[in-house]
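First residue of the sequence shown: 8, per our numbering; consecutive thereafter.
Note that beta-carbon positions come from the ideal geometry of N, C-alpha and C, so glycine has one too.
Down below is the structure, laid out as structure tokens.
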Amino acid sequence: MLKQLPTLETKRLRLRKLCMQDAVDMYEYASDPEIANLGLWLPFHSIEDSLKDLTEVIEGYDKGEIFAWAIELKNANKMIGRIGLGDYSLKNARAELGYASNRRYWGKGLMTEAVKQIIDFSFINLAMNRIEAVCLPENVASIRVLEKVGMQFEGVKREYTFVRGKFDDLNLYSILKREWQEAKTNFANKTTPY
Ligand SMILES: CC(C)(COP(=O)(O)OP(=O)(O)OC[C@H]1O[C@@H](n2cnc3c(N)ncnc32)[C@H](O)[C@@H]1OP(=O)(O)O)[C@@H](O)C(=O)NCCC(=O)NCCS
């Protein structure tokens, strides 16, 4: 099943497998210090960093180990970011969502659109029961995205990460399948904006 990672479509986006041709577009956002800082990775210094990352992702696809999609703008065929599920446990039917995008495309609802699609895919096609996400407490845009898709704040993982040269707290959010189903039902009955 994992080897068959499908292309998913939303109104404005195509979520597809990453490929080596994404190196330049990936470098454009992954080298941005603010994005790297909020996304908890070290900024890329050259296209070689993209190529290395993409090689690992593609090897992961071949082994059936990775759920990672390029976020591509349909009307421009431009790769603007990435979204994926990590730290998954099939036994416990849970996974952790992660994402980042090029700042030129922020504030247009695009990541919210992508996240909703991956949550739908996770519950419908991957039989997940719980999708969680973590972010820095100061990452207000990410927190807003998670709230907009119906995730609930669970608490703070104290001093959970050391990526930025110091221990940082992370906020933990999650949505359960039954909550997602309820939101879908309410949307069908026009009582919530999911
Ligand atoms: C987080 C991120 C993916 C959001 O992408 P995006 O396409 O701009 O997201 P959306 O447009 O769907 O939603 C962003 C929301 O945050 C809000 N927002 C953005 N900056 C904000 C700020 N400084 N204060 C309050 N709200 C803010 C936007 O107004 C929008 O909410 P709204 O629709 O209610 O107006 C993007 O900022 C990013 O790539 N950040 C760096 C990497 C990262 O943080 N990854 C997540 C790590 S867990």
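For residue i versus residue j, is the C-beta distance shorter than 7 Å?
i: Thr-119; j: Lys-155; result: yes
i: Phe-5; j: Tyr-180; result: Shown here, the chain extends from 8 to 201; a query on residue 5 therefore has no answer.
i: Leu-15; j: Gln-124; result: yes
i: Ile-78; j: Leu-20; result: yes
i: Pro-144; j: Asp-94; result: no
i: Asp-32; j: Met-86; result: yes
i: Glu-166; j: Phe-174; result: yes
i: Lys-184; j: Phe-130; result: yes
i: Asn-146; j: Leu-45; result: yes
i: Leu-97; j: Leu-61; result: no
i: Ala-100; j: Asn-136; result: yes
i: Leu-22; j: Trp-76; result: yes
i: Leu-104; j: Ala-134; result: no
Should residue i go down as buried or exposed, given a rule of 16 or more other Cβ atoms within 10 Å for buried?
i: Val-64; result: buried
i: Val-122; result: buried
i: Arg-111; result: exposed
i: Cys-142; result: buried
i: Asn-132; result: exposed
i: Glu-35; result: buried
i: Gly-88; result: buried
i: Ile-54; result: exposed
i: Ala-107; result: buried
i: Trp-83; result: The sequence shown places Ala at residue 83, not Trp. With fewer than 16 other Cβ atoms within 10 Å, it is exposed.
i: Met-158; result: buried
i: Val-152; result: buried
i: Leu-92; result: buried
i: Asn-196; result: exposed
i: Phe-51; result: buried
i: Leu-12; result: buried
i: Ala-148; result: exposed
Thinking residue i and residue j are a contact (beta carbons under 8 Å), I'd like their distance in whole angstroms, please.
i: Ile-242; j: Ile-182; result: Examination of residue 242 is not possible in this model, given that the chain is present from 8 through 201 alone.
i: Ala-30; j: Leu-58; result: 5 Å
Between which two residues does the beta strand (DSSP E) harbouring residue i extend?
i: Thr-79; result: Checking the displayed sequence, the identity of residue 79 turns out to be Glu instead of Thr. That run of the beta strand (DSSP E) goes 74-80.
i: Lys-123; result: From DSSP, Lys-123 is part of no beta strand (DSSP E) but of the alpha helix (DSSP H) over 117-131.
i: Ser-108; result: 101-108
i: Tyr-112; result: Careful: Tyr-112 lies outside any beta strand (DSSP E) and carries neither H nor E.
Any beta carbon of chain B sitting closer than 7 Å to that of residue i?
i: His-52; result: The displayed structure is made up of one protein chain only, and chain B is not part of it.
How far does the alpha helix (DSSP H) with residue i in it extend, from its first residue to its last?
i: Glu-189; result: 184-195
i: Ala-140; result: Where Ala-140 is concerned, there is no enclosing alpha helix (DSSP H), although the beta strand (DSSP E) it sits in stretches over 137-142.
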